[in-house]
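Asker:
In my numbering, the protein residues as written are 8 to 51.
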């Protein structure tokens with residue numbers, strides 16, 4: 008049961024890393040970085 012949940016979390020992080028701007032967070036404005044993360048969550 009726990010392994011299945013762990014796998015889901017790992018898959019989400021791997022998909023998150025596919026977005027280069029989110030994975031590196033080179034945005035100088037924290038609000039912009041947060042907006043990119045929220046956009047990614049909506050895509051999932």
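Glycine residues also receive a C-beta, built at the ideal position from the N, C-alpha and C atoms. Here the structure is a predicted model, which means the values were calculated and not measured.
1) Report back the beta-carbon spacing between residue 47 and residue 26 to the nearest angstrom; my notes put them in contact at under 8 Å.
2) Between residue 44 and residue 23, is the Cβ-Cβ spacing less than 9 Å?
3) According to DSSP, is residue 26 helix, strand or coil?
Answerer: This is what the structure gives:
1) Between residue 47 and residue 26 the beta-carbon gap is near 6 Å, inside 8 Å, which marks them as a contact.
2) In contact: residue 44 and residue 23 (Cβ atoms closer than 9 Å).
3) Reduced to three states, the DSSP call for residue 26 is coil.
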